[in-house]
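So for the sequence shown, our numbering puts the first residue at 12; every next one is plus one. Have a look at the structure below, then the notes.
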Amino acid sequence: MDRKALRINPAKTCQPVGAMYAALGMHRCLPHSHGSQGCCSYHRSHLTRHFKEPVMASTSSFTEGASVFGGSANLLQAINTIFTTYAPDVIAVHTTCLSETIGDDIPTIVAKAREDGLVPEGKHVFHASTPSYAGSHVVGFASMVEAMVKTFAEPAGTKIPRSRRKDSEPQVTVVPGFVEPADMREIRRLIAIMGLRPTMLPDTSGVMDSPQTGTHDFYPGGGVTVEELRTLGRSVATLALGRWASRPAAVAAENRCQVPREILDLPIGLAATDRLVGVLRRRAHQEVPGELLDERGRLLDLMGDAAQHFHGRKVAVFGDPDHVIAMTEFLSDLSMHPTHVVTGTPGAAFEKRVTQILAERVPGARVKASADLFLLHQWLKNEPVDLIVGNTYGKYIARAEDIPFVRFGWPILDRFGHTYFPTVGYQGAIRVAEKILDALLERRDRDAPDEEFELVL
Ligand code: SF4
């Protein structure tokens, strides 16, 4: 029987973490947590542990008074202090459990801050509602990106000054999803190869993987600018990569600017990348350049060369829905068998989509949204697999059951390098396949008796 009132080791975290990460992908933006210090501290440290970078964010620092009387005074004070002391261009406010429960009216408080002259000329404050007792960090991310569109994108029909035009290549808006900075950079590269000019929101490349220069930049150079967000209405399309993290922003762009949306899976693996390239080809009205065909060919070559190692291996996959859907399809294309597939984020559409992907190749697969890692562990005890793919929290199950483990998705707290190497696109798929092969072949070497311990595999 399904547990309904209890989660044990949930496969998700709370909304503001995602909202904070999304806000970091705006240029010179300071994420602001409207709640108690502990929430902000947890969200910052969780992001820092994954990205190995300092995460700048501020808090309304609720105490007993704000909990009883509301956090309006705290937020007004915070806006004043932030602009006078830390000088961002933008403050992106997200709420927490406490401020949502109190019912603080953020738009009214921000309007008062403007009336009181606390928001300097040319600076911006906007907000996303991120109650943590619903959804997950993915939902918080999606809400913050949606708020960027609703706040800054100029409605259809707005005349854009000549100085803000860049007409040489058609512009496409890309909502990349809750992915690594390296993924965002790789998606931009793919789009540029296809002859389009991407405007990406958010864009944490250059922020959460900024180079070591010997000097500390409170606001690193990356991130989408307010000026870029204003021109979203000029895009030929909005590409939402990942239904859960990116669809709301694409819908908002369509409603506000009449820019058509394309909802795609995260381009992780062969088929999902093919679909993205197909859309870009259609939107750019150009053929796929040889450079990209070569990358695809190299991926196919690896898939063929190592097919005997992938074939029929059973896999458990868990993590965020957009990542898990894309990974499940890629594993299936590698002729592996994803037999246990879970996400902690709610959504019946997840179960439907994964079941559809596996319908022919793994018809008996167990698939569940709103699941936790305790359930996944139970499934694994009843039906062991050859590999687990998921975030760092899977290491306990992998160790307990002695199953090879590939870290993938968010968060990865106990390894390095994931922020620098993409998993999207054909090149990213090669990296993912290599990691899977390494894990499987390491196990084969470890378990091989002396007479079967081979030099060449
Ligand atoms: S679940 Fe709520 S109280 Fe806990 S850290 Fe998240 S926002 Fe704060």
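Glycine residues also receive a C-beta, built at the ideal position from the N, C-alpha and C atoms.
**Message:** Is cysteine 268 near the ligand SF4 - that is, is its Cβ less than 7 Å away from at least one heavy atom of it?
**Reply:** One-based indexing of the sequence shown puts residue 268 at position 257. No - the ligand SF4 has no heavy atom lying nearer than 7 Å to the Cβ of cysteine 268.
**Message:** Is glycine 330 near the ligand SF4 - that is, is its Cβ less than 7 Å away from at least one heavy atom of it?
**Reply:** Here residue 330 refers to the residue found at position 319 when the sequence shown is read from its first residue. No, Cβ of glycine 330 sits at least 7 Å from all heavy atoms of the ligand SF4.
**Prompt:** What are the boundary residues of the beta strand (DSSP E) that includes lysine 63?
**Reply:** To locate residue 63, count along the sequence shown from 1; it is residue 52. For lysine 63, no beta strand (DSSP E) segment is defined, and its DSSP state is neither H nor E.
**Request:** Decide if valine 400 is buried, meaning its Cβ has at least 16 other Cβ atoms within 10 Å, or exposed.
**Result:** Against the sequence shown, residue 400 aligns to sequence position 389. Counting Cβ neighbours within 10 Å, valine 400 comes out buried, since at least 16 surround it.
**Prompt:** With 16 as the cutoff for other CB atoms within 10 Å, does glycine 436 come out buried or exposed?
**Reply:** Sequence index remark: in the sequence shown, residue 436 carries index 425 (1-based). With 16 or more other Cβ atoms from the protein chains shown falling within 10 Å of its own Cβ, glycine 436 counts as buried.
**Message:** Which of the three DSSP states is assigned to phenylalanine 416 in this structure?
**Reply:** Here residue 416 refers to the residue found at position 405 when the sequence shown is read from its first residue. Phenylalanine 416 carries a strand assignment under DSSP once its states are collapsed to helix, strand and coil.
**Whole runs of the beta strand (DSSP E) within the stretch 44 to 119, excluding any shorter than 3 residues** = As far as the stretch 44 to 119 is concerned, its whole beta strand (DSSP E) runs of at least 3 residues are 101 to 106.
**Message:** Need the endpoints of the alpha helix (DSSP H) that valine 237 sits in, please.
**Reply:** Locating residue 237 in the sequence shown gives position 226, where the first residue counts as 1. Per DSSP, valine 237 belongs to the alpha helix (DSSP H) from 237 to 241.
**Message:** Need the endpoints of the beta strand (DSSP E) that valine 326 sits in, please.
**Reply:** If you number the sequence shown from 1, residue 326 lands on position 315. Run containing valine 326: 325 to 330, per the beta strand (DSSP E) assignment.
**aspartate 383 - partner residues in DSSP beta bridges** = As a position in the sequence shown, residue 383 is number 372, starting the count at 1. Paired residues: Pro21.
**Item:** Top-ranked residue by Cα proximity to alanine 158, from Leu58, Val185, Ala30, Glu239
**Value:** Your numbering for residue 158 matches position 147 in the sequence shown. Residue Ala30 is the option with its Cα nearest to alanine 158.
**Residue interval of the alpha helix (DSSP H) (run including arginine 196)** = Taking the first residue of the sequence shown as position 1, residue 196 is located at position 185. Its alpha helix (DSSP H) spans residues 192 to 204.
**Request:** From the DSSP output, read off the bridge partner residues of leucine 250.
**Result:** To locate residue 250, count along the sequence shown from 1; it is residue 239. Residue pairing by DSSP places leucine 250 opposite Val185, Glu273 in a beta bridge.
**Request:** With DSSP collapsed to three states, give me the class of alanine 145.
**Result:** Taking the first residue of the sequence shown as 1, we reach residue 145 at position 134. Taken through DSSP and simplified to helix, strand or coil, alanine 145 comes out as coil.
**Message:** Here's the rule I'm using: 16 or more other beta-carbon atoms within 10 Å means buried, otherwise exposed. How should proline 27 be labelled?
**Reply:** The residue you call residue 27 lines up with position 16 of the sequence shown. By the Cβ-count criterion, proline 27 is buried, with 16 or more other Cβ atoms from all chains shown falling within 10 Å of its own Cβ.
**Asked** So does serine 143 have its beta carbon nearer than 7 Å to some heavy atom of the ligand SF4?
**Response** Your numbering for residue 143 matches position 132 in the sequence shown. The answer is yes for serine 143.
**Asked** Whose C-beta lies closer than 7 Å to the C-beta of valine 270 among residues of the same chain, with five residues either side of it excluded?
**Response** Numbered from its first residue, the sequence shown carries residue 270 at position 259. Excluding sequence neighbours, valine 270 sits near Thr184, Leu243, Gly244, Ser246, Ala248, Thr249, Ala264.
**Message:** Suppose you measure from the CA of glycine 233 to the CA of glutamate 64; what does that come to, to the nearest Å?
**Reply:** Numbered from 1 along the sequence shown, position 222 holds the residue referred to as residue 233. Numbered from 1 along the sequence shown, position 53 holds the residue referred to as residue 64. For glycine 233 and glutamate 64, the distance between alpha carbons rounds to 14 Å.
**Request:** Work out the CA separation of threonine 169 and histidine 43 for me, nearest whole Å.
**Result:** In the sequence shown, the residue the question calls residue 43 occupies position 32. In the sequence shown, the residue the question calls residue 169 occupies position 158. For the pair histidine 43 and threonine 169, the Cα-to-Cα distance works out to about 30 Å.
**Prompt:** Which value, in whole angstroms, describes the spacing of the CA atoms of proline 209 and threonine 284?
**Reply:** Taking the first residue of the sequence shown as 1, we reach residue 209 at position 198. Taking the first residue of the sequence shown as 1, we reach residue 284 at position 273. One C-alpha to the other measures close to 16 Å.
**phenylalanine 321 - containing alpha helix (DSSP H), residue span** = Your numbering for residue 321 matches position 310 in the sequence shown. Unbroken alpha helix (DSSP H) run through phenylalanine 321: 318 to 321.
**Under the three-state DSSP convention, the category isoleucine 408 falls into** = Start at 1 with the first residue of the sequence shown, and residue 408 comes out as number 397. Helix, per DSSP.
**Prompt:** What are the partner residues of alanine 139, as DSSP defines its beta bridges?
**Reply:** Taking the first residue of the sequence shown as 1, we reach residue 139 at position 128. Per DSSP, His105.
**Contact with chain C by leucine 369, beta-carbon distance below 8 Å** = The chain labelled as chain C is not found in the depicted structure, where only one protein chain is given.
**For phenylalanine 419 and histidine 320, believed in contact at Cβ under 8 Å, the rounded distance** = Position 309 of the sequence shown, counted from the first residue, corresponds to residue 320. Position 408 of the sequence shown, counted from the first residue, corresponds to residue 419. The Cβ separation is near 18 Å, so there is no contact.
**Cβ-heavy atom distance, glycine 188 to the ligand SF4, below 7 Å** = To locate residue 188, count along the sequence shown from 1; it is residue 177. Checking the Cβ of glycine 188 against the ligand SF4 gives no.
**Asked** Just to confirm, does tyrosine 53 get its C-beta within under 7 Å of one of the non-hydrogen atoms of the ligand SF4?
**Response** As a position in the sequence shown, residue 53 is number 42, starting the count at 1. Yes, the ligand SF4 has a heavy atom inside 7 Å of this Cβ.
**Asked** Should threonine 107 be counted as a contact of the ligand SF4 given a C-beta to heavy atom distance under 7 Å?
**Response** By 1-based counting over the sequence shown, the position of residue 107 is 96. Yes, Cβ of threonine 107 sits closer than 7 Å to a heavy atom of the ligand SF4.
**Neighbour-count burial assignment, asparagine 402, 16 or more Cβ in a 10 Å radius** = Counting from 1 along the sequence shown, the entry for residue 402 is found at position 391. So asparagine 402 ends up on the buried side.
**Item:** Other residues of its chain near serine 498: CB distance less than 6 Å, five sequence neighbours each side excluded
**Value:** With the chain running from 12 to 468 in the structure shown, residue 498 is simply not present.
**Request:** Would you mind stating whether isoleucine 279 and alanine 440 have Cβ atoms separated by less than 8 Å?
**Result:** Reading the sequence shown from its first residue, position 268 is the one you call residue 279. Reading the sequence shown from its first residue, position 429 is the one you call residue 440. In this structure, isoleucine 279 places its C-beta atom within 8 Å of the C-beta atom of alanine 440.
**Message:** On the criterion of 16 or more Cβ atoms from any shown chain inside 10 Å, does valine 417 qualify as buried, or is it exposed?
**Reply:** Locating residue 417 in the sequence shown gives position 406, where the first residue counts as 1. It counts as buried.
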